[in-house]
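Set out below in structure tokens:
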């Protein structure tokens, strides 16, 4: 069953179509890669899905329920969580407190939230930084904190916006492992990424956006072999 | 940037803190038994009042990051409701206080529904505008508020419980205890907020609204909860002030000065901390009283640095009491430049540095 169904979503900023008539579905348990050149409308699509922008046209269905008019907090409570391309740590709170804020979405008890938060910090392997201020973490750990925080909201669908951006190869590898571990937990993921090697490795399906439109959709092999995608984004060297 | 280590979960019920807390409260409770000077009690009452105001604002401004510069609206509304009920309807103030708080909750929800559509500096401007509207309304709704002439409390009915007169509010002592009780109440409320889900949600909103929103926090709901608690406690301060001073008019309980004063208490003490407003009050109340009563000028003459008869001496004696606002301003600039986390944050940093 499709956990997420995007139906003819368009988003206009003035006369500019950041997303134009995009439709695709995400099957439960899969990792779907969302790729495309800068300005293709990837993050805008995330914002439309999670309720930050109301889509100008079309609608998004999550588990068969329309998300029309729902605010991001409601969307999160329904089980869809997202990370941010530019990380947003709650700087003056400690690492564990950051994750607790996510966990408090599912519980009213601060004590339970703390236990849930520590569990997620162990999953992303930064439990030794629990008592540090989030604002003081280096970028690699900030990205992990971002993932731990959304995992603490107990999502069914996770939208990851460039979680490997700005990381060195070793750190990227850790994140790739983390994404694959999350998949094993049965959590569906949609991943925006520019690192083609990584995206080809982890994705079950890939959707390519270009200038706001859906250019192609298919398995990683199909995408690499698609001449339109090669011209628009990947370049000749990938063949 | 290096990560700074801070205690993961400082145990607020640690024995040392408990002992200190109990000692301070015991001292404050016994204070009027040993000190009879009405002036000393007056200063203490002003200190409590300032603490109540600071702690109240801190919940909305310090924890939730919504910098309201219009808290005079809640202070004044509380003061007016209590005074009007007492003067026109003969309702004793210890009931009027709660009526005032109830009215303020309604006012706060209305203000919140308008101002929380705005963010950052626009929210600040809107909050100032709303407070000014309240002040001008109080000036002009003469039938209700007696306009610029204000309301004078002619007599305060004694506090009776089951026919027994507990106190008649003739001396400063009952006000001292009421102020102490309200101040402790605001501190306890802040304590519970900080250690509950509310505190986490408030702080998440302060740190990053959009991130908080995406983590399942209903922004409108939690901002309004913070506003209602904050406004309600501020109205207690307003009612207390009105009954204690015995006279209110729009320019004493509803001006921008009061709103700014409330914010300064927190900024100087340290915003978003439980004891910041207490420290702020501890510094600002003696300073402003010392300037107003010319005690600081007298103290300067006593040190012999400046002779009272010299040109500078005369200048200080005549002007220092009016320089109240100027000195406040300088103090704020110093704190913002050198202690961005307030005096309390600065002291914590010093202690941490010494510990390393």
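Protein chains in written order, with the numbering used here: chain P, 1 to 239; chain G, 240 to 595.
Built from N, CA and C at the ideal position, the CB exists for glycine as well.
Since the structure is predicted, the reported quantities are computational estimates derived from the model, not experimental observations.
Inset, instruction - Please look up how many angstroms separate the CB atoms of residue 209 of chain P and residue 17 of chain P, rounded, as I've assumed it's under 8 angstroms. - result: Not quite, the Cβ-Cβ distance comes to about 12 angstroms (not below 8 angstroms), so this is no contact.
Inset, instruction - Just tell me which of G:266, G:285, G:467 has its CA closest to the CA of residue 500 of chain G. - result: A check of alpha carbon separations from residue 500 of chain G across G:266, G:285, G:467 identifies G:285 as the nearest.
Legend entry - For residue 161 of chain P, the residue or residues it bridges with in DSSP: In DSSP, residue 161 of chain P forms a bridge with P:192.
Legend entry - Other residues of its chain near residue 415 of chain G: CB distance less than 8 angstroms, five sequence neighbours each side excluded: The residues are 270, 271, 280, 283, 284, 287.
Legend entry - Span of the alpha helix (DSSP H) around residue 143 of chain P: That run of the alpha helix (DSSP H) goes 139-151.
Legend entry - Below-8 angstroms beta-carbon distance, residue 454 of chain G vs any chain P residue: Yes, because at least one Cβ of chain P sits closer than 8 angstroms to the Cβ of residue 454 of chain G.
Legend entry - Residue span of the alpha helix (DSSP H) that contains residue 414 of chain G, given as start and end: Following the DSSP letters along the chain, one finds residue 414 of chain G inside the alpha helix (DSSP H) bounded by residues 412-433.
Inset, instruction - Out of G:576, G:392, G:368, G:294, point me to the one whose CA is closest to residue 476 of chain G's CA. - result: Of G:576, G:392, G:368, G:294, the residue nearest in Cα terms is G:294.
Inset, instruction - Identify each residue in the region 147-175 of chain P for which the Cβ-Cβ distance to at least one residue of chain G is less than 8 angstroms, and report them in chain order. - result: Of all residues in the region 147-175 of chain P, 149, 150, 153 have a Cβ within less than 8 angstroms of some Cβ in chain G.
Legend entry - Beta-carbon gap between residue 146 of chain P and residue 163 of chain P smaller than 8 angstroms: Yes, the Cβ-Cβ distance between residue 146 of chain P and residue 163 of chain P is below 8 angstroms.
Legend entry - Whether residue 134 of chain P touches residue 93 of chain P by CB criterion (8 angstroms): In this structure, residue 93 of chain P lies closer than 8 angstroms to residue 134 of chain P by Cβ.
Legend entry - CA-to-CA distance, residue 321 of chain G to residue 496 of chain G, given in whole angstroms: Approximately 21 angstroms, taken between the alpha carbons.
Inset, instruction - Report the residues of the region 330-358 of chain G with a CB closer than 8 angstroms to any CB of chain P, ordered along the chain. - result: The residues in question: there are none.
Legend entry - Where residue 108 of chain P meets chain G, residues with beta-carbon distance less than 9 angstroms: Close partners of residue 108 of chain P in chain G (Cβ separation under 9 angstroms): 435, 436.
Inset, instruction - Specify the secondary structure class of residue 156 of chain P as computed by DSSP and reduced to three states. - result: If DSSP states are grouped into helix, strand and coil, residue 156 of chain P belongs with coil.
Inset, instruction - Report yes or no: do the region 507-518 of chain G and the region 582-592 of chain G share at least 3 C-beta pairs separated by less than 8 angstroms? - result: The answer is yes - the region 582-592 of chain G touches the region 507-518 of chain G, with three or more Cβ pairs under 8 angstroms.
Legend entry - CA-to-CA distance, residue 9 of chain P to residue 160 of chain P, given in whole angstroms: Taking the straight line from one Cα to the other gives about 19 angstroms.
Legend entry - residue 180 of chain P beta carbon less than 8 angstroms from that of residue 199 of chain P: Residue 199 of chain P places its beta carbon 8 angstroms or farther from that of residue 180 of chain P.
Inset, instruction - Measure from the C-beta of residue 61 of chain P to each C-beta in chain G and report whether the shortest distance is under 8 angstroms. - result: No, no contact with chain G.
Inset, instruction - Going by DSSP, name the residue or residues bridged to residue 403 of chain G. - result: Residue 403 of chain G pairs with G:400.
Inset, instruction - Indicate whether at least one CB of chain G lies closer than 8 angstroms to the CB of residue 90 of chain P. - result: It does: the Cβ of residue 90 of chain P has a partner Cβ on chain G nearer than 8 angstroms.
Inset, instruction - For residue 241 of chain G, decide whether its Cβ has a neighbour in chain P, counting only Cβ atoms nearer than 8 angstroms. - result: Bear in mind that the predicted position of residue 241 of chain G carries a pLDDT of just 40, short of 50, making it too unreliable to give a figure here.
Inset, instruction - Answer yes or no: do residue 44 of chain P and residue 106 of chain P have a C-beta to C-beta separation smaller than 8 angstroms? - result: Not a contact, by the Cβ cut-off of 8 angstroms.
Inset, instruction - May I ask you to list the residues that DSSP assigns as paired with residue 2 of chain P? - result: P:27.
Legend entry - CB of residue 473 of chain G within 8 angstroms of CB of residue 317 of chain G, strictly: It is a contact, given that the beta carbons lie within the stated cut-off.
Inset, instruction - Can you give me the start and stop residues for the beta strand (DSSP E) that residue 214 of chain P sits inside? - result: In the DSSP assignment, residue 214 of chain P falls within the beta strand (DSSP E) that extends over 213-218.
Inset, instruction - For residue 440 of chain G, decide whether its Cβ has a neighbour in chain P, counting only Cβ atoms nearer than 8 angstroms. - result: True, the Cβ-Cβ gap to chain P drops below 8 angstroms.
Legend entry - Presumed contact (8 angstroms Cβ cut-off) between residue 462 of chain G and residue 305 of chain G, rounded CB distance: About 6 angstroms separates the two Cβ atoms, so the contact holds.
Legend entry - residue 92 of chain P, DSSP secondary structure in three states: In the structure shown, the three-state DSSP call for residue 92 of chain P is coil.
Legend entry - Given residue 89 of chain P as reference, the closest of P:81, P:79, P:78, P:101 once Cα atoms are compared: If we check each option's Cα against that of residue 89 of chain P, P:101 comes out closest.
Inset, instruction - Determine whether the Cβ of residue 187 of chain P lies closer than 8 angstroms to any Cβ atom of chain G. - result: So, not an interface residue.
Legend entry - Interfacial residues, the region 386-407 of chain G to chain P, with Cβ spacing under 9 angstroms: Listed by position, the residues of the region 386-407 of chain G near chain P (Cβ gap below 9 angstroms) amount to none.
Legend entry - C-alpha gap between residue 215 of chain P and residue 207 of chain P, whole angstroms: Straight-line Cα distance between these residues: approximately 8 angstroms.
Legend entry - Contact list for residue 446 of chain G against chain P, beta-carbon separation under 7 angstroms: Correct list: 90, 91, 92, 93.
Inset, instruction - Throw me the rounded Cβ distance for the residue 593 of chain G and residue 560 of chain G pair, which I believe falls under 8 angstroms. - result: That belief does not hold up - the Cβ atoms of residue 593 of chain G and residue 560 of chain G are roughly 39 angstroms apart, past 8 angstroms.
Legend entry - residue 203 of chain P in three-state terms, based on DSSP: Note: residue 203 of chain P maps to coil in three-state DSSP.
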